[in-house]
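Since the structure comes first, as structure tokens, the remarks are kept for the end.
Numbering (the working numbering), first residue to last: -1 to 148.
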């Protein structure tokens, strides 16, 4: 086996071996509460992996990214196979920005910057927020937020 092939296989095996805590959260807005099952990306390793290499995400499933400090950093879709929407929110759970992101099959991959300072982000299937009439100002809450790094 060629060294590069072995390296790629090793990277894929390691990436698939990373586990994420599972929890629930809700998004409130437009007079309604919508509940999601989420995986929690609460460490730099989990945040770097995100939803890479996934081929499916259930309709009411997602991944929540919880950062220990406020950030204005962007997200990219390198090796992410499904189109996503992302809501950036503050420590109080207030949604500050919602963006749609497209899968990236080859470099260079665009970086999606929210243009706001946030401390959490929620990735779901593309259009999930729009189908529910959820906009900036909606609120994120629930058990998953108890895993926020200190």
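In this text, a Cβ means the ideal position worked out from N, Cα and C, and glycines have one as well.
In DSSP terms, what residue 25 is bridged to: One-based indexing of the chain shown puts residue 25 at position 27. Residue 25 has 32, 138 as its beta-bridge partners, per DSSP.
In whole angstroms, give me the CA-to-CA distance for residue 109 and residue 102. Along the chain shown, one-based indexing puts residue 109 at 111. Along the chain shown, one-based indexing puts residue 102 at 104. Their backbone Cα atoms lie some 10 angstroms apart in a straight line.
With H, G and I counted as helix, E and B as strand and the rest as coil, what does DSSP make of residue 18? For the purposes of this step, residue 18 is taken as the residue at position 20 of the chain shown. Looking at residue 18 - three-state DSSP - the assignment turns out to be coil, as it is neither helix nor strand.
Are the CB atoms of residue 78 and residue 34 nearer to each other than 9 angstroms? Residue numbering aside, residue 78 sits at position 80 when the chain shown is read from its first letter. Residue numbering aside, residue 34 sits at position 36 when the chain shown is read from its first letter. No. Outside cutoff.
What three-state label does DSSP hand residue 86 in the structure shown? Along the chain shown, read from residue 1 onward, the residue named residue 86 stands at position 88. DSSP, read as helix, strand or coil, puts residue 86 in strand.
So is residue 116 buried or exposed if we call it buried at 16+ other beta carbons inside 10 Å? Within the chain shown, residue 116 is the residue found at index 118, counting from 1. Note on residue 116: 16 or more other CB atoms within 10 angstroms of its CB, so buried under the neighbour-count rule.
For residue 72 and residue 111, what's the separation of their Cα atoms in angstroms? In the chain shown, the residue the question calls residue 72 occupies position 74. In the chain shown, the residue the question calls residue 111 occupies position 113. For residue 72 and residue 111, the distance between alpha carbons rounds to 4 angstroms.
With H, G and I counted as helix, E and B as strand and the rest as coil, what does DSSP make of residue 51? Locating residue 51 in the chain shown gives position 53, where the first residue counts as 1. If DSSP states are grouped into helix, strand and coil, residue 51 belongs with coil.
In angstroms with no decimal places, state the Cα-to-Cα distance between residue 88 and residue 118. For the purposes of this step, residue 88 is taken as residue 90 along the chain shown, with counting starting at 1. For the purposes of this step, residue 118 is taken as residue 120 along the chain shown, with counting starting at 1. Between residue 88 and residue 118, the C-alpha separation is close to 6 angstroms.
Measuring alpha carbon to alpha carbon, tell me which residue in 76, 98, 24, 40 is nearest residue 104. For the purposes of this step, residue 104 is taken as the residue at position 106 of the chain shown. Ranking 76, 98, 24, 40 by Cα distance to residue 104 puts 76 first.
For residue 95, the three-state DSSP class (helix, strand or coil): Sequence index remark: in the chain shown, residue 95 carries index 97 (1-based). Annotated three-state conformation of residue 95 is strand, per DSSP.
Mapping the DSSP letters down to three states, classify residue 42 as helix, strand or coil. Start at 1 with the first residue of the chain shown, and residue 42 comes out as number 44. Residue 42 falls in the helix class under three-state DSSP.
What separation, rounded to the nearest whole angstrom, lies between the Cα atoms of residue 16 and residue 135? Locating residue 16 in the chain shown gives position 18, where the first residue counts as 1. Locating residue 135 in the chain shown gives position 137, where the first residue counts as 1. Between residue 16 and residue 135, the alpha-carbon positions lie close to 33 angstroms from each other.
With 9 angstroms as the threshold, decide whether the Cβ of residue 131 is near any Cβ in chain B. Absent from the structure: chain B. Only one protein chain is present.
Could you pull out every residue in the same chain whose Cβ sits closer than 6 angstroms to the Cβ of residue 59, ignoring the five residues on either side in sequence? Along the chain shown, read from residue 1 onward, the residue named residue 59 stands at position 61. Excluding residues within five positions, the ones whose Cβ falls inside 6 angstroms are 35.
With respect to the beta strand (DSSP E) encompassing residue 119, which residues constitute its N-terminal and C-terminal limits? To locate residue 119, count along the chain shown from 1; it is residue 121. Its beta strand (DSSP E) spans residues 116 to 123.
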